[in-house]
Each structure stands twice: as C-alpha cells, then as structure tokens.
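Q: Residue numbers (the numbering used here), protein chains in the order written: chain H, 17 to 391; chain E, 13 to 382.
The C-beta atom is built at its ideal place from N, Cα and C for all residues, glycine as well.
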Amino acid sequence: MDWISWRRLRALCWKETLQIFRDPSSILIAFFMPLLMLFIFGYGINLDFSKLRIGLLADDAGAEAEAFAAALTGSPWLEVRTYDSRAAMERALVDSQIRGFVVIPQDFSRQMKRADATAPVQVVADGTEPNIAQFVRATVSGVWQTWQMQRAGERGGDLRRDISLEPRVWFNAAAESRNFIIPGSITVIMTVIGALLTSLVVAREWERGTMEALLASPVTRTELLLCKILPYYGLGMLSLMLCVGVAHWVLKVPFRGTVPALWLVGSLFLLSVLGIGLAISTGMRNQFNAAQAALNAAFLPAVMLSGFIYEISSMPLVLRGVTHIIPARYFVSSMQTLFQAGTIWKLLWPDILMLAGTTIVFIGLTAKLTKRRME
Amino acid sequence: MIFLSRIHALVRKEFQSLLSTKSGRLLLVMPVVLQTALFPFAATLEVKNASLAVFNEDRGRASVEMMQRFAASGAFTRIIPVWSAAELDEAIGTREALLAVHIPADFSRKLTTDEASPVQVILDGRRSNSSQIAFNYLQAVLDVYLKDRAAAAGRVVPSEIVARNWFVPNLEYTYFILPSLVAIITTIGSLIVTALSVAREREQGTFEQLLVSPLSPEMIMIGKAVPAVVVGFFQATLILTAAVLVYGIPFRGSLALLYGAMFFYALALVGVGLFISSISKTQQQAFLGAFVFMVPAILLSGYTAPVENMPVWMQHLTWVNPVRHFVEIVKGVFLKDASFARVLTLVWPLVVISMGTLTFAALMFRRKSA
Chain H
17 MDWISWRRLR ALCWKETLQI FRDPSSILIA FFMPLLMLFI FGYGINLDFS
67 KLRIGLLADD AGAEAEAFAA ALTGSPWLEV RTYDSRAAME RALVDSQIRG
117 FVVIPQDFSR QMKRADATAP VQVVADGTEP NIAQFVRATV SGVWQTWQMQ
167 RAGERGGDLR RDISLEPRVW FNAAAESRNF IIPGSITVIM TVIGALLTSL
217 VVAREWERGT MEALLASPVT RTELLLCKIL PYYGLGMLSL MLCVGVAHWV
267 LKVPFRGTVP ALWLVGSLFL LSVLGIGLAI STGMRNQFNA AQAALNAAFL
317 PAVMLSGFIY EISSMPLVLR GVTHIIPARY FVSSMQTLFQ AGTIWKLLWP
367 DILMLAGTTI VFIGLTAKLT KRRME
Chain E
13 MIFLSRIHAL VRKEFQSLLS TKSGRLLLVM PVVLQTALFP FAATLEVKNA
63 SLAVFNEDRG RASVEMMQRF AASGAFTRII PVWSAAELDE AIGTREALLA
113 VHIPADFSRK LTTDEASPVQ VILDGRRSNS SQIAFNYLQA VLDVYLKDRA
163 AAAGRVVPSE IVARNWFVPN LEYTYFILPS LVAIITTIGS LIVTALSVAR
213 EREQGTFEQL LVSPLSPEMI MIGKAVPAVV VGFFQATLIL TAAVLVYGIP
263 FRGSLALLYG AMFFYALALV GVGLFISSIS KTQQQAFLGA FVFMVPAILL
313 SGYTAPVENM PVWMQHLTWV NPVRHFVEIV KGVFLKDASF ARVLTLVWPL
363 VVISMGTLTF AALMFRRKSA
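Written out as structure tokens, the structure reads:
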C-alpha cells in the first residue's frame, strides 16, 4: 500500500476546508474571537493604574497639612475624594468606592515644625485587592517623598538629601502592560483555534460515525493525520497573521521581529496545540467530553501557566516544573521577544527547540492513538 | 398541581441525563477540584522568588550595607552580582533578573559631601507589573534604611508614612483568589450545563419530542433551569468549603445573604445559557457560543485587572456582565462582611440581566415551538 497519495490527500484537505467554512461557528472562532480577544486584552486587561481612587481625611487645618493634601490632590496618579467624617470614609472603603485612604492626624502641622518629633501620615489600603493595595501604598509614599524633597528645598535643607532610587524601564519604556499582554494573549487565541476547535470537530466525526467511514476507505494513517492538520494549520496561521497585524497597526503595539522568525515559532506552536486537540478528540470520541478536556488541558494552562499575565517565577516549585511541558510557555516568551526585543536568535533558540520537542510529542501521541483506533 | 408534577418529572429526567454517566459526574466535580487546587498558586500577581542583579562600582560602607538590606529583605530569593554594564544588560535581557541595581563609583563620595546620591534601578518592562511591585519592595527597604541612617546621625525625620491594610493585613493572594473563584467556576459550570442541554437534545432529535409533549415552553425552560441552578450552588458550596477549611480563610459575612445573591446570579447565567442554546443548532455551536461569552465575561470581571483601569466606555459596558457583580458580592460578603444595602446595589443589575435574557430566550423558544 502506498504511504501517501497526493491526489487523495488533496481531496481530503479540500473536504476539511469546506467543512470549516460551512460552519459559522468555526469562522466565529477563527476570525471574530481573535479580534474580540485582542480588543479585550488591549483595553480591558490593563494593569497600569492611571487613577487610583483614594479617600482623604484631614483632621488638621494647619499649613503643612494643607500643603500635603494639595500634593495628593495634584498627583496625576490619584483621584482623591475628601471626607469630613472618618466613619463615612471607612464605609466607602468597605463598599469598594475607594481603594484606600489617607488620614492626616490632628497635630500634623505642629509636629512637622518640631525638630524632635516625627509627624505620622496614616495610609490604609483595602487588603482584599492585594495588587491595588500595593500600588496605593507605593503611590502615596511617592507623593509624600516628592513633597518632602520640595519642602526641604524650599526651607534650605533641614532634610538632607540622601540616597534615591531612580527607576528606568527597559524594553517597554512607557511600562504599558498592553505591550506585553497582547503578544501573550495571541497565545491564548492560537490555543483556542488549535486545540478547542479541532478537538470538537474531530470528536464530532467520531460521534457521527463519519470517521469509521473514512477509516474503511483506502486512506492511510499519514493521510488522515495530514488532512486534519493541514487545513487547521492554514486557518491558524491566517488567524495569527490577522492578530499580529491588528496588534501592530490598530492597537499600535510595536513589533520588532521579522516575519520568517514569527512564521517559524508560530508554526511550531500551532502544530503542538493541533497535536493536543487531535489527541484529545481521538482519545475521547465525544464532543461534550472533548470540549471539557480541551478547556482544562489546553485553554486554562495557556491562560494560567504560560506566564503572560501571571509570573512563572512566583509559582511554587511543582507548578514551575509543570510549566515546562506546556507549549504555550515557550510561545509566550518568544512572542514577547519578537514584539519587544526583535529577532534575537540567542533568546529564541531555546524556545524553538522546546516547541519542536512538544510538536513531536503531541503529533506523535495522536499518531499512536489513531493507530490504536484503526486496529 | 399538574404543573408542579410535570416540572418535577422533567427536572428528574434532566438530572438523570446529567448524572447517569461516570464521565458526566466526574466532569461536574473534577474541574472544580483541579482549579481550586491550582488557581490560588498559579493565577496570582504576587511577586515571589524574584532575582535582583547588582552591579556595585562603589566599595563604600553605605553601598554594601544597602545591598545587604536588599538581600536580607526576603523579597528577592537570588542576588546576582555582576561586574560590568554588559553583564547587567544580559541579566535583564535574558530575564535572569527582574530588577537590576547599578550603584555608581561616586556613590559613597557624594553621600559624604551631602549631595543627592542616585542609584539606578533597571526594571524589565516586559513584566511591568511584577517589576514595579519588586521596585516598591526595594523602595520600602530603602525607606527604613534612610530612617536608620538619620537616627544614627542624630537626626529625626520630620514625617513618616504609617501604612496598614484592612481586611487582609498581609495581603495574602489566596484571600483574593478563592472568593473570586467561587464566582468564576460556578459560571463555567452552570453556563455549560444550560447551554449544552438544549443543543444536545436538538442534535439528538429529542427536543422535538419534548415540544410535542404536554409541556409548555415555559415549563421546559424551568426544567432546564433547575439543574443548572443546583449545579451552580453545589460547585459554589464546594469551593466555599475548601476556602474555609483547606485554605483557612475566615468567612466574615452572612451565608444567607451570599446564597440569596447567588440565586439571582445563577438565574442570570441560566438566562444567558438558554439564550445561547436557543440560537445554536449543534452542540459545537452552543459550546463555542458559551465560550465566546464566558472568556470576555471572566476576563473583564475585575478579577484579572481592575475595572477602573478600563476605558470609561468599557467600564459602562461591564455593567451587563453578571460575573463582575457577583465577584464583588462574594468578595464583599466573604472578606468584608458587606451590608445588606451594599449587596442589594449589586444584586439589582443581576435581576435586570436575568429578566432580559430569560425573556429573550422564552421568545426564541416560543418561536421555535410554534
């Protein structure tokens, strides 16, 4: 028996392609979903706090207290609401109307003037939002420090100038979270197309019995695998190009890499997730179960364990180990390199090697499962 | 009475089809257990095990002490000493270090002459949130050092910041994640159950049989809604129990208030699920439809990133997102003992959403059955 027949393969691929384009839901997933997700990730998932809502209670009417209150209100990073009663401000914190508050105590101005006393400024943050709480504290401290420096300057240096930390952000100078979240989110989109869509489609063939019909025909295993992989590979690559194009031209995320490098890592990643999707559906043969399994085995790891929002190095050791077998991890890191640093082969090679490895493992697994099913 | 007994029969049938197979039962429990075990460790913005590269060109006492304080603070598990600017570039470029500190050669000299002595800190912008938080850790350590230096020189700082966190004093991320998980996981459970149940019947042809039975479209809808609400309550209870017993998070509010609000939340989800299944022809379409709704709803719920960081038009848009309101409710009741009045302001959008989607689904059902 021939190992592969190009004529048969072409016919099979054509049949798959028709099937893709005839179902509105696959077009929804391949073209509408990527755009929707890009815009959500581009505008909705924003970790940069442009305006932190905080409350302010000034129990002191002195000049120093007024000056500090003015510094807080004038900060571009804060949206300050002034309260007259502490109870009302605390209620606003419980009701999540403000994320934290600042209390300037009664004898603040008097203590500021005395050389032997330290005037405290109370900062309270809502601990139920740990990330926001960190930024409330840091932003208020920042305003307070700048104010102290200015005050020292005006009064001729009773506060000596001392060590200061000067932050510089590399690779993403404006520190816009969008610039690193969007390249990462493309990984999630590709996972949805590669794993979720294929797992459903192939499981449906098993459910409806059309797979048995195919198997009874003279189609070889290689042809069967290729005809499932090639059309979805094409669809996925189209989607990838669409995503990168929209990210670059519409959302204005700088892309510093080259197209051949993008094509190489994109192909390897897509083939890996196609492998996962096909392996799941071949193993499950039931749409409902295959969809659930793809959600848990491909989609959730791509969101949670790929490092595009949540830092891998902050995870416990066991989980860090698990991330090494997740192809999304390597694609996220190479996409971030391509977008923000450029085609730097020294950074890309390790990812490419690992992606090549996962491709072989998952496609191989599918081949093995298909073989067993055919016997 | 006939009305009730018919619905009872339908609900029983729905539960049978949901629980009859082993894989069906497993899929109602396994993902919840898996995600409750995994999420709190993976899905956090907490900065742990970060590494700091240090390029110290100064050999003075002040710079050495400052570095020792950075190393002893516990915020960084690894300090990477580098000896040239090129090595510093490389440590950041290859992501080996999250932050890099560069102390210039004249650091100590400037301090003795009362000049401002700047230290350059390089943040990896590809991980901007983490590197900014790590930078805040450094700044906090430095603040203590500056105060100690002032005290040693016999000076008193004129003012200081006294910071505290309410409700969760040590900012444990599990306190934030588990209540949010209650909302997120019940969303997945009840939505998929409702969205797929009608589509599966339609694909298998049993939906027509239901329609020709003496059941009215409204009764069919109630029959489909009850199991989904029960699944939602069951999964939520599972996570709440794990949060209190396994993760040791104190439940501060009123359980009755939480479950009352949960009923309206489940109703809103059922409305969305029935709406999706009423417009899909196959299970595949229903599943993908549920997915297209679920992913944005969860991502824009305020869990991944705060709602106030979104553009204003998008903030208004999230009003129709049931997940957003319920995440707030669970967090509020669980951690802050939110008042009845506060919960009420969050429940009424849920009531509006469920009324809207249920009415629409009912109209679609009527049209299909007519």
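Could you tell me which of Gly299/H, Thr359/H, Gly273/H, Ala357/H sits nearest to Ala383/H, measuring between CA atoms?
A: Checked all of Gly299/H, Thr359/H, Gly273/H, Ala357/H; the closest Cα to Ala383/H is Gly299/H.
Q: Out of curiosity, what's the CA-to-CA distance linking Thr330/E and Ala165/E?
A: For Thr330/E and Ala165/E, the distance between alpha carbons rounds to 54 Å.
Q: How about the stretch 364–380 of chain H and the stretch 276–295 of chain H: do they share at least three Cβ pairs that are nearer than 8 Å?
A: Yes: at least three Cβ pairs fall under 8 Å.
Q: Return the chain-ordered ranges of every alpha helix (DSSP H) run that is complete within the stretch 268–341 of chain H and spans a minimum of 4 residues.
A: Counting whole runs of 4 or more residues, the stretch 268–341 of chain H contains the alpha helix (DSSP H) stretches 275–300, 303–310, 316–320, 333–339.
Q: Using the three-state DSSP reduction, which class does Ala135/H fall into: helix, strand or coil?
A: Three-state DSSP puts Ala135/H in a strand.
Q: Do you know whose CA, among Ile114/H, Val204/H, Val275/H, Pro276/H, lies nearest Leu321/H's CA?
A: With distances taken between Cα atoms, Leu321/H lies closest to Val204/H.
Q: Ignoring anything shorter than 4 residues, give me the alpha helix (DSSP H) runs that lie fully in the stretch 42–123 of chain H, in order along the chain.
A: Qualifying alpha helix (DSSP H) stretches, in chain order: 49–55, 79–90, 102–110.
Q: According to a CB-to-CB cut-off of less than 8 Å, which residues of the stretch 51–63 of chain H neighbour chain E?
A: Result list: Leu52, Met53, Ile56, Phe57, Tyr59, Gly60, Ile61, Asn62, Leu63.
Q: Taking 8 Å as the CB-CB cut-off, is Met17/H touching chain E?
A: Bear in mind that a pLDDT of 48 at Met17/H, under 50, signals an unreliable position, so the number given afterwards is only what the model happens to contain. False, the Cβ-Cβ gap to chain E never drops below 8 Å.
Q: Report the partner residues of Val133/E according to the DSSP bridge assignment.
A: In the DSSP output, where bridge partners are listed per residue, Val133/E has Pro183/H, Val113/E.
Q: Sort Glu239/H, Ser283/H, Glu221/H by Cα distance to Gly250/H and report the nearest one.
A: Looking at the Cα atoms, Ser283/H is the closest of the given residues.
Q: Determine the direct distance from the alpha carbon of Ala108/H to that of Phe263/E, and round the result to whole angstroms.
A: Straight-line Cα distance between these residues: approximately 21 Å.
Q: When burial is assigned at 16 or more other CB atoms within 10 Å of the CB, is Pro276/H buried or exposed?
A: By the neighbour-count rule (16 or more Cβ atoms within 10 Å), Pro276/H is not buried but exposed.
Q: Following the continuous beta strand (DSSP E) through Ile91/E, name the residue where it begins and the one where it ends.
A: Where Ile91/E is concerned, the enclosing beta strand (DSSP E) stretches over 88–93.
Q: Residues in its own chain within less than 7 Å of Leu257/E by CB, not counting five upstream and five downstream?
A: Excluding sequence neighbours, Leu257/E sits near nothing in its chain.
Q: Name the residue from Ser101/H, Ile202/H, Ser215/H whose alpha carbon lies nearest to the alpha carbon of Cys259/H.
A: Comparing Cα positions, the closest option is Ile202/H.
Q: Out of Thr56/E, Leu38/E, Arg378/E, Ala298/E, which has the shortest C-alpha to C-alpha gap to Ser209/E?
A: When only C-alpha atoms are compared, the closest one is Ala298/E.
Q: With distances taken Cα to Cα, identify the nearest neighbour of Val113/E among Thr106/E, Ser120/E, Leu123/E, Met79/E.
A: Answer by Cα proximity: Met79/E.
Q: Do you know offhand how far Pro317/H's Cα is from Val217/H's?
A: Between Pro317/H and Val217/H, the C-alpha separation is close to 21 Å.
Q: So, is Asp174/H buried or exposed, given that buried needs 16 or more other C-beta atoms within 10 angstroms?
A: The predicted model places Asp174/H with a pLDDT of 49, which falls under 50 and marks its position as unreliable; any figure quoted below should be read in that light. With fewer than 16 Cβ atoms within 10 Å of its Cβ, Asp174/H is classed as exposed.
Q: Can you look up Asp142/H in the DSSP assignment and give me helix, strand or coil?
A: The answer is strand: DSSP assigns Asp142/H an E or B state.
Q: Return helix, strand or coil for Asn148/E, following the three-state DSSP convention.
A: Looking at Asn148/E - three-state DSSP - the assignment turns out to be helix.
Q: Going by DSSP, which residues form a beta bridge with Ala201/H?
A: Looking at the sequence provided, one finds Ser at residue 201/H rather than Ala. The partner list for Ser201/H (beta bridge, DSSP) is empty, contrary to what the question assumes.
Q: Find the residues of chain H that neighbour Pro323/E, judging by a C-beta separation of less than 9 Å, and give them in chain order.
A: Neighbours of Pro323/E on chain H, chain order: Tyr59, Gly60, Asn62.
Q: What's the gap between the Cα of Arg345/H and the Cα of Phe305/E?
A: Cα to Cα, the separation comes out at about 25 Å.
Q: Please check if any C-beta of chain E sits within less than 8 Å of the C-beta of Gln308/H.
A: For Gln308/H, the answer is yes, since a Cβ of chain E falls inside 8 Å of its Cβ.
Q: To be precise: take each residue of the stretch 323–334 of chain H, compare its Cβ to all Cβ atoms of chain E, and keep it if any distance is under 8 Å. Which residues remain?
A: Against chain E - using a Cβ distance shorter than 8 Å - the residues of the stretch 323–334 of chain H are Ile325, Tyr326, Glu327, Ser329, Ser330, Met331, Pro332.
Q: Starting from the Cα of Pro50/H, find the closest Cα among Ser233/H, Val139/H, Arg130/H, Ser255/H and give me that residue.
A: Looking at the Cα atoms, Ser255/H is the closest of the given residues.
Q: Mind listing which residues of the stretch 161–190 of chain E have their C-beta closer than 9 Å to chain H's C-betas, in chain order?
A: Answer in chain order: Arg161, Ala162, Ala165, Arg167, Val168, Val169, Pro170, Ser171, Glu172, Ile173, Val174, Ala175, Arg176, Asn177, Trp178, Phe179, Val180, Pro181, Asn182, Leu183, Glu184, Tyr185, Tyr187, Phe188.
Q: Report back the beta-carbon spacing between Ala109/E and Ala103/E to the nearest angstrom; my notes put them in contact at under 8 Å.
A: Confirmed, Cβ separation roughly 4 Å.
Q: Do Arg69/H and Arg115/H come within 8 Å of each other at the CB atom, strictly closer than that value?
A: Yes.
Q: Ignore the nearest five residues each way along the sequence and tell me which others in Val284/E's own chain have a CB closer than 7 Å to its CB.
A: Within the same chain, Val284/E has close Cβ partners Leu203, Phe305, Thr369.
Q: What is the DSSP secondary structure of Val174/E, counted as helix, strand or coil?
A: Residue state, collapsed to three classes: strand.
Q: Consider the Cβ of Trp186/H: report whether some Cβ of chain E lies at a distance smaller than 8 Å.
A: At least one chain E Cβ lies under 8 Å of Trp186/H.
Q: Taking only the alpha-carbon atoms, compute the straight-line gap between Arg26/H and Ala232/H and give it to the nearest angstrom.
A: Taking the straight line from one Cα to the other gives about 18 Å.
Q: Given Val241/E, which residues of its chain have a CB within under 6 Å of its CB, disregarding the five upstream and five downstream residues?
A: Cβ neighbours of Val241/E beyond the five flanking positions: Ala278.
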